[in-house]
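K.L.:
Protein chains in written order, with the UniProt record's numbering: chain A, 1 to 410; chain B, 1 to 410.
Even glycine gets a Cβ: it sits at the ideal position worked out from N, Cα and C.
2 protein chains.
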Amino acid sequence: MSEQSPLDPAEGDPFGPHNLPYGVFTTAGEPGRPRVGVRLGNHVLDAGAAARALGSPYAALLDRPGLDPLLAAGRTAWRDVRRALTAWVTVPAHRETIEPLLHPLDAVTMLLPYQVADYVDFYASEHHATNVGRIFRPDGEALTPNWKHLPIGYHGRSGTVVVSGTEVVRPSGQRKAPADAAPVFGPSVKLDIEAEVGFVVGVPSPQGRPVALGDFRDHVFGLSLLNDWSARDLQAWEYVPLGPFLGKSFATSVSAWVTPLEALEAARTSPPARDVPLLPYLDDSAEEEPGGFDIRITVTVNGQVIAEPPFATMYWTAAQQLAHMTVNGASLRTGDLYGSGTVSGPEVHQRGSLLELTWNGRDRIDLPDGGRTFLADGDEVTMTAWAPGPDGVRVGLGEVSGRITAAPAG
Amino acid sequence: MSEQSPLDPAEGDPFGPHNLPYGVFTTAGEPGRPRVGVRLGNHVLDAGAAARALGSPYAALLDRPGLDPLLAAGRTAWRDVRRALTAWVTVPAHRETIEPLLHPLDAVTMLLPYQVADYVDFYASEHHATNVGRIFRPDGEALTPNWKHLPIGYHGRSGTVVVSGTEVVRPSGQRKAPADAAPVFGPSVKLDIEAEVGFVVGVPSPQGRPVALGDFRDHVFGLSLLNDWSARDLQAWEYVPLGPFLGKSFATSVSAWVTPLEALEAARTSPPARDVPLLPYLDDSAEEEPGGFDIRITVTVNGQVIAEPPFATMYWTAAQQLAHMTVNGASLRTGDLYGSGTVSGPEVHQRGSLLELTWNGRDRIDLPDGGRTFLADGDEVTMTAWAPGPDGVRVGLGEVSGRITAAPAG
Chain A
1 MSEQSPLDPA EGDPFGPHNL PYGVFTTAGE PGRPRVGVRL GNHVLDAGAA ARALGSPYAA
61 LLDRPGLDPL LAAGRTAWRD VRRALTAWVT VPAHRETIEP LLHPLDAVTM LLPYQVADYV
121 DFYASEHHAT NVGRIFRPDG EALTPNWKHL PIGYHGRSGT VVVSGTEVVR PSGQRKAPAD
181 AAPVFGPSVK LDIEAEVGFV VGVPSPQGRP VALGDFRDHV FGLSLLNDWS ARDLQAWEYV
241 PLGPFLGKSF ATSVSAWVTP LEALEAARTS PPARDVPLLP YLDDSAEEEP GGFDIRITVT
301 VNGQVIAEPP FATMYWTAAQ QLAHMTVNGA SLRTGDLYGS GTVSGPEVHQ RGSLLELTWN
361 GRDRIDLPDG GRTFLADGDE VTMTAWAPGP DGVRVGLGEV SGRITAAPAG
Chain B
1 MSEQSPLDPA EGDPFGPHNL PYGVFTTAGE PGRPRVGVRL GNHVLDAGAA ARALGSPYAA
61 LLDRPGLDPL LAAGRTAWRD VRRALTAWVT VPAHRETIEP LLHPLDAVTM LLPYQVADYV
121 DFYASEHHAT NVGRIFRPDG EALTPNWKHL PIGYHGRSGT VVVSGTEVVR PSGQRKAPAD
181 AAPVFGPSVK LDIEAEVGFV VGVPSPQGRP VALGDFRDHV FGLSLLNDWS ARDLQAWEYV
241 PLGPFLGKSF ATSVSAWVTP LEALEAARTS PPARDVPLLP YLDDSAEEEP GGFDIRITVT
301 VNGQVIAEPP FATMYWTAAQ QLAHMTVNGA SLRTGDLYGS GTVSGPEVHQ RGSLLELTWN
361 GRDRIDLPDG GRTFLADGDE VTMTAWAPGP DGVRVGLGEV SGRITAAPAG
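What follows is the structure, given as structure tokens:
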């Protein structure tokens, strides 16, 4: 086994040649030179070096310090580059050239793979929105009247999107319990996670021109895992009337790997049946391609599984979110990132936030080092996921992880 | 007069050498080469060419296609560059070199002068927030309980920030009157303005490290006028519970000129007295520099003045907004832009939105071409402003204007 070539990952490896997600890495030898990498098994191919070595015209897209040129290149280029990469890692004639360009994953540092333009976060799980509504508005309707008519979303802070592995400093801010006369200031005492999938826009669209449901694949390149860290106590005090702000803006973590949509053909699935008729720009009942993705997420805290949210249960699809986000004429830019919203399924162990899992702190989660309601300093949260691939092989979506460090003194 | 040198603007010109705002322009001869310009009277100095011609080391900051390097350079550089520019346009020995580098304003095209990183919009006028509360929650308290404890804000879409003069396409979207059974789709019928001042961040701050009140001047370079176009009908239906989204994200216009804070020393003024004690990170009572700016805004529709909002009446200051925005550890980037929120004074003619001026369409504004509640296609909205400068001379803040074009068919 120790002599096995990195070009021969084990059969059934979720990062086999059927997957080929993109990232950006540096090596210990050249920490100042970020480069595009493509994952194969537990190795990363220096894709730019491969393109150069093979005299490929795609060096213009791959021999770059970030994914942005590839993202902007469009669907035909995405397909052609993927075909080329598949050939490079599978055709025996390329073996000698390619093998030395594969770096062990544990010998490289992964970076945020593209410049995040605008970051939008949605709220697309009916189970999540229902749970949140029951927790915060126990006497009212769980879902707001607009929820089934449009995918609710808001803009987040793109400057604080960080790559998996980045430590997350516990945020401080104002909180106020309903019974308190005035707010108090201090480190958040309800630091939470939100297990999400993030969609990465490649091809821009002009201002004033909506992007139709059916044009999703022409604009969206791929997806990542996303953890939308949330300070529930800050959020609860600030969010009326203009929505979440500091409760979310301190950090959002994404996985280092962007999985192209083309690797997820076998994972496409129909979203749940809709209860109310949709306006035409959101009505996907006649779309050729099913709008959902069968992605199985696992959330761990300090290595212990706390939830297994099923992305297939999301009410609103990524294509609907894109159509909604642009129906007012808002333009898209390369690097726009939008989160699905917290993924929660119908079962208790499928809930994608501690808010839901502990019912806003009423219940505790048992970990080997003690119970938790919300996150403690030092906690490490990791989300992993996979989706069905061709021939029953899984497509790995990598992981997004982050460790909580204490709020600075003061 | 026709022979007057562009280096000699009329006495009292609000764009005299005491002002010197920065922008980015192209000429008809070289439309593909954006360059940094500094306004003097009705001319714009090609600042990079001037720096080159005079052998100035500031060519590295000025001979660039955007303001970003200057913004990032920091407070000492801002001061030194401003001193140099002042000398270039006032010292007789430079006249012969500088005069040919001044282009008439009407012969150049002004561009968005820097790359907008994150865009945040606040809600800092007590008069505005009170009016909005009375309109939308007539039976409740006008201000939400958090309003006087923290500057409420939210993230907007930075990708749709456009420079003054850019046409604004009327957005379409969902709206639903309370009595309607279901939402309808179509062009907004309540297209509005919000007269604001926008603050431009120059120097970044690291994630996890709040920026203190007193460090405002180390991070914020200057300000612009800002019109936060708002579709009130879209906003009303979508904004509960996560805040404004499509009602705002179609376009935000900013003036072409960024006025450095150094030009506004004489305009500093104390904010209104605060009604409730502030938490230490927001308490500016012991700050050396008064936190407000005495900026007088005029809003016109099709040339007719409809409002004169006084910025000096804003409850929350730009320094408080910056301290709040980062108190959770959110980082700053060069090019971050934050809007003050709609500027409304206590008087009816000081209200900075049509929502308030027409009391959500109950009243009409008379224009020569007919009455208005909200904006009609073809309407041109222009905001101008000035502030007190040294020796009683005004500091002009330029203008932000935009014309509404019809929503695309379909």
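Could you please tell me which residues of the segment 313 to 345 of chain B, in chain order, have their CB closer than 8 Å to any CB of chain A?
P.N.:
So the close ones are His324, Met325, Val327, Asn328, Gly329, Ala330, Ser331, Leu332, Arg333 and Asp336.
K.L.:
What residue range does the beta strand (DSSP E) around B/Gly371 cover?
P.N.:
What you label residue 371 of chain B is simply residue 371 of the second sequence in a count that begins at 1. Gly370 to Arg372 is the extent of the beta strand (DSSP E) around B/Gly371.
K.L.:
Leaving out the 5 sequence neighbours to the left and right, which residues in its chain are closer than 8 Å to A/Phe293 when beta-carbon positions are compared?
P.N.:
In the first sequence, the residue the question calls residue 293 of chain A occupies position 293. Only Val197, Leu223, Leu264, Ala267, Arg268, Thr269, Phe311, Ala312, Ala318 and Ala387 meet the Cβ criterion.
K.L.:
Do A/Leu61 and A/His219 have their C-beta atoms closer together than 8 Å?
P.N.:
Counted from its first residue, the first sequence places residue 61 of chain A at position 61. Counted from its first residue, the first sequence places residue 219 of chain A at position 219. For A/Leu61 and A/His219, no; Cβs fall outside 8 Å.
K.L.:
Give me the Cβ distance between B/Ser158 and A/Asp46, rounded to the nearest whole Å; I'm assuming they're in contact under 8 Å.
P.N.:
In the second sequence, the residue the question calls residue 158 of chain B occupies position 158. In the first sequence, the residue the question calls residue 46 of chain A occupies position 46. Not a contact, Cβ separation roughly 33 Å.
K.L.:
Any idea if A/His324 is buried or exposed, counting beta-carbon neighbours within 10 angstroms, 16 or more meaning buried?
P.N.:
Here residue 324 of chain A corresponds to residue number 324 of the first sequence, with the count starting at 1. The residue is buried, with at least 16 neighbouring Cβ atoms inside 10 Å.
K.L.:
For the segment 144 to 173 of chain B, which residues have a beta carbon sitting closer than 7 Å to at least one beta carbon of chain A?
P.N.:
Under the 7 Å Cβ criterion, the segment 144 to 173 of chain B contributes Thr144, Asn146, His149, Leu150, Ile152, Gly153, Tyr154, His155, Gly156, Arg157, Ser158, Gly159, Thr160, Val169, Pro171, Ser172 and Gly173.
K.L.:
Pairing CB atoms from the segment 399 to 407 of chain A with CB atoms from the segment 6 to 19 of chain B, are three or more of them under 8 Å?
P.N.:
Flag = no, the segment 399 to 407 of chain A and the segment 6 to 19 of chain B do not touch.
K.L.:
Would you kindly check if the distance between the Cβ of A/Gly335 and the Cβ of A/Val201 is under 8 Å?
P.N.:
Taking the first sequence and counting its residues from 1, one reaches residue 201 of chain A at position 201. Taking the first sequence and counting its residues from 1, one reaches residue 335 of chain A at position 335. Taking 8 Å as the Cβ cut-off, A/Val201 and A/Gly335 qualify as a contacting pair.
K.L.:
Can you tell me which of the three DSSP states B/His18 falls into?
P.N.:
Counting from 1 along the second sequence, the entry for residue 18 of chain B is found at position 18. Coil, per DSSP.
K.L.:
Mind checking who A/Asn227 pairs with in its DSSP beta bridge?
P.N.:
For the purposes of this step, residue 227 of chain A is identified with residue 227 of the first sequence, where counting begins at 1. Answer is A/Ala195 and A/Ser253, bridged to A/Asn227.
K.L.:
Rounded to whole angstroms, what's the CA-CA distance from A/Gly208 to B/Pro408? Just pull it up for me.
P.N.:
Reading the first sequence from its first residue, position 208 is the one you call residue 208 of chain A. Reading the second sequence from its first residue, position 408 is the one you call residue 408 of chain B. Between A/Gly208 and B/Pro408, the C-alpha separation is close to 8 Å.
K.L.:
At what residues does the alpha helix (DSSP H) containing B/Arg79 begin and finish?
P.N.:
Taking the second sequence and counting its residues from 1, the one referred to as residue 79 of chain B is at position 79. It spans Arg75 to Thr90 - the alpha helix (DSSP H) in which B/Arg79 sits, taken as one unbroken run.
K.L.:
Could you tell me which residues DSSP pairs with A/Asp13 in its beta bridges?
P.N.:
Counted from its first residue, the first sequence places residue 13 of chain A at position 13. BP columns for A/Asp13 are empty, so no partner.
K.L.:
Alpha carbon to alpha carbon, how far is A/Pro65 from B/Glu289? Give it in angstroms, no decimals.
P.N.:
The residue you call residue 289 of chain B lines up with position 289 of the second sequence. The residue you call residue 65 of chain A lines up with position 65 of the first sequence. Rounded to the nearest angstrom, the two C-alpha atoms are 44 Å apart.
K.L.:
Do A/Gly339 and A/Asp180 have their beta-carbon atoms positioned less than 8 Å apart in this structure?
P.N.:
By one-based count along the first sequence, residue 180 of chain A stands at place 180. By one-based count along the first sequence, residue 339 of chain A stands at place 339. No, Cβ-Cβ distance for A/Asp180 and A/Gly339 is not below 8 Å.
K.L.:
What's the gap between the Cα of B/Tyr239 and the Cα of A/Asp283?
P.N.:
Position 239 of the second sequence, counted from the start, is the residue given in the question as residue 239 of chain B. Position 283 of the first sequence, counted from the start, is the residue given in the question as residue 283 of chain A. About 22 Å.
K.L.:
Using a cut-off of 8 Å between C-beta atoms, extract the partners of B/Trp359 located in chain A.
P.N.:
In the second sequence, the residue the question calls residue 359 of chain B occupies position 359. Per Cβ cutoff of 8 Å: no residues; B/Trp359 is ~18 Å from chain A at best.
K.L.:
Can you find a CB in chain B that lies within less than 8 Å of the CB of A/Glu238?
P.N.:
Against the first sequence, residue 238 of chain A aligns to sequence position 238. Closer than 8 Å: yes.
K.L.:
Go ahead and pull the three-state DSSP assignment for B/Thr334.
P.N.:
In the second sequence, residue 334 of chain B corresponds to position 334, counting from 1. If DSSP states are grouped into helix, strand and coil, B/Thr334 belongs with coil.
K.L.:
Quick check on the DSSP output: the alpha helix (DSSP H) that includes A/Ile135 runs from which residue to which?
P.N.:
Within the first sequence, residue 135 of chain A is the residue found at index 135, counting from 1. Looking at the DSSP string, the run of the alpha helix (DSSP H) that includes A/Ile135 is Glu126 to Phe136.
K.L.:
Going along the chain, which residues of its own chain have a beta-carbon closer than 6 Å to the beta-carbon of B/Gly173, five neighbours each way excluded?
P.N.:
Along the second sequence, read from residue 1 onward, the residue named residue 173 of chain B stands at position 173. Closer than 6 Å at the Cβ level, and outside the excluded window around B/Gly173, lie Leu234 and Leu246.
K.L.:
Please determine, among A/Val108, A/Gly74, A/Arg75 and A/Val36, the residue with the shortest C-alpha to C-alpha distance to A/Ala28.
P.N.:
Here residue 28 of chain A corresponds to residue number 28 of the first sequence, with the count starting at 1. For the residues A/Val108, A/Gly74, A/Arg75 and A/Val36, the minimum Cα distance to A/Ala28 belongs to A/Val108.
K.L.:
Only counting the same chain, and skipping five residues up and downstream in sequence, which positions put a Cβ closer than 7 Å to that of A/Gln320?
P.N.:
Along the first sequence, one-based indexing puts residue 320 of chain A at 320. These residues qualify, in order along the chain: Pro151, Leu213, Leu282, Asp284 and Gly291.
K.L.:
For a cutoff of 8 Å on Cβ pairs, would you count B/Gly32 as touching chain A?
P.N.:
Taking the second sequence and counting its residues from 1, the one referred to as residue 32 of chain B is at position 32. For B/Gly32, the answer is no, since every Cβ of chain A falls outside 8 Å of its Cβ.
K.L.:
Name the DSSP beta bridge partners of A/Phe293, please?
P.N.:
The residue labelled residue 293 of chain A in the question sits at position 293 within the first sequence. For A/Phe293, which the question treats as bridged, DSSP gives the partners A/Arg268.
K.L.:
Is B/Pro65 close to chain A? Criterion is C-beta to C-beta, closer than 8 Å.
P.N.:
In the second sequence, the residue the question calls residue 65 of chain B occupies position 65. No, no contact with chain A.
K.L.:
Could you pull the start and end residues of the alpha helix (DSSP H) that residue 427 of chain B belongs to?
P.N.:
The requested residue 427 of chain B is not part of the displayed model; chain B covers only 1 to 410.
K.L.:
What are the start and end residues of the alpha helix (DSSP H) that includes A/His324?
P.N.:
Your numbering for residue 324 of chain A matches position 324 in the first sequence. Counting along the chain, the alpha helix (DSSP H) containing A/His324 begins and ends at Ala318 to Thr326.
K.L.:
So what's B/Phe25 in DSSP terms, helix, strand or just coil?
P.N.:
Along the second sequence, one-based indexing puts residue 25 of chain B at 25. Strand.
K.L.:
If we define contact as Cβ-Cβ less than 8 Å, is A/Ser249 a contact residue for chain B?
P.N.:
Here residue 249 of chain A refers to the residue found at position 249 when the first sequence is read from its first residue. By this cut-off, A/Ser249 is an interface position.
K.L.:
Please report how far the alpha carbon of A/Trp237 lies from the alpha carbon of B/His127, in whole angstroms.
P.N.:
The residue you call residue 237 of chain A lines up with position 237 of the first sequence. The residue you call residue 127 of chain B lines up with position 127 of the second sequence. If you take the alpha carbons of A/Trp237 and B/His127, they lie about 22 Å apart.
K.L.:
Which word fits A/Pro31, buried or exposed, when buried means at least 16 other C-beta atoms lie within 10 angstroms of its C-beta?
P.N.:
Walking along the first sequence from the start, residue 31 of chain A turns up at place 31. Classification of A/Pro31: exposed, given that the 10 Å Cβ count is below 16.
K.L.:
Of all the residues that make up the segment 203 to 225 of chain B, which are near chain A by a beta-carbon distance shorter than 8 Å?
P.N.:
Within the segment 203 to 225 of chain B, the residues whose Cβ lies closer than 8 Å to some Cβ of chain A are Gln207, Gly208, Arg209 and Pro210, listed in chain order.
K.L.:
Buried or exposed, going by whether 16 or more other CB atoms sit within 10 Å of the CB of B/Pro34?
P.N.:
Counting from one through the second sequence, the residue named residue 34 of chain B turns up at place 34. Result: buried.
K.L.:
Is the beta carbon of A/Met110 sitting closer than 8 Å to the one on A/Ala251?
P.N.:
Working through the first sequence from its first residue, we reach residue 110 of chain A at position 110. Working through the first sequence from its first residue, we reach residue 251 of chain A at position 251. Contact: no.
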